[in-house]
C-alpha cells in the first residue's frame, strides 16, 4: 500500500489500470482487481480528465480527413497536433505537441494553464520556422478550427486534415487510448526535452 500511495502522489491521474501497469513495469506481480480493492480502501481514484479538448466551435469550418490510405514516404509530408490534459494537484495544464508522422519526431510542444488558441499557434509558428508539411492533421478542437490557426496553415499553402468526430483512431500516433494517456504525456514531454537538450 505504501508503494501505491507514493506513486499516487506523483501521478494522481493514475486509476487502477495505470497503477497496475506501473507496478508490473517495476517488477511487482499484481492483479488489477487487487490494486482496485487496495485503492478503494485507501480512498484513491484517478482524477477525471478536464475539459474536452476536441470540441469544435460551431461557427468554425471543419475540414475533411485526408489521410485515409495515404502512404508516408518521407518527413514533412504529414504533421499532426494534439492537446493532452495533464492533471495537477489543483486544476490542469495543457500540453500541445506537433509531431511529424513519418519520423515520429516531436517538432515542438508548448504547455499552458488555459486551453486556448494562442499557445497552439505559438507551437505551430515555432514548427513552421524550421520546415513546412504538405498536410497538417488535427482533431476538430476549437483551437485547431479557429480562423487564426487554419489561416496560418492556409497562408503557408498547407492542406488541412481533421479527424472525424469520435474517430479516436484517426489520430493514432498521438492518441493511442485513454488508458495510455499518462504514457503519451511522458513520451511527448521526454521526447521534446531530449531533442531540445541535444540541439546544442
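Numbering (full-length UniProt numbering), first residue to last: 1 to 200. Heads up, the beta-carbon is just placed ideally off N, CA and C, and yes, glycines get one too.
So, are the CB atoms of residue i and residue j less than 8 Å apart?
i: residue 80; j: residue 109; result: no
i: residue 127; j: residue 98; result: yes
i: residue 136; j: residue 143; result: no
Work out the CA separation of residue j and residue i for me, nearest whole Å.
i: residue 65; j: residue 162; result: 5 Å
i: residue 83; j: residue 5; result: 28 Å
i: residue 147; j: residue 153; result: 10 Å
i: residue 107; j: residue 41; result: 43 Å
i: residue 111; j: residue 37; result: 35 Å
i: residue 206; j: residue 105; result: In the structure as shown, the chain begins at 1 and stops at 200. Residue 206 is therefore absent and cannot be evaluated.
i: residue 119; j: residue 96; result: 8 Å
i: residue 67; j: residue 78; result: 9 Å
i: residue 151; j: residue 71; result: 26 Å
i: residue 34; j: residue 59; result: 48 Å
i: residue 69; j: residue 156; result: 24 Å
i: residue 249; j: residue 129; result: Summary: the structure shown does not reach residue 249, with the chain confined to residues 1 through 200, and so no result is reported for it.
i: residue 138; j: residue 73; result: 20 Å
i: residue 9; j: residue 113; result: 20 Å
Given residue i, which residues of its chain have a CB within under 8 Å of its CB, disregarding the five upstream and five downstream residues?
i: residue 45; result: 15 and 39
i: residue 12; result: 46, 47, 87 and 89
i: residue 22; result: 7, 11 and 14
i: residue 32; result: 16, 17 and 20
i: residue 125; result: 152
i: residue 29; result: none
Using a Cβ-Cβ cut-off of 7 Å (strictly less than) and excluding sequence neighbours within five positions of residue i, which residues of its own chain qualify?
i: residue 1; result: 38 and 42
i: residue 103; result: 75
i: residue 62; result: 56, 140, 145 and 162
i: residue 131; result: 76
i: residue 117; result: 143, 146, 148 and 149
i: residue 160; result: 63, 136, 150 and 153
Keeping to the same chain, check which residues put their C-beta closer than 6 Å to that of residue i; ignore five residues upstream and five downstream.
i: residue 122; result: 110
i: residue 3; result: none
i: residue 134; result: 77
Where in the segment 14-95 do unbroken runs of the beta strand (DSSP E), each at least 3 residues long, occur, reported from the N-terminal end onward? 78-87
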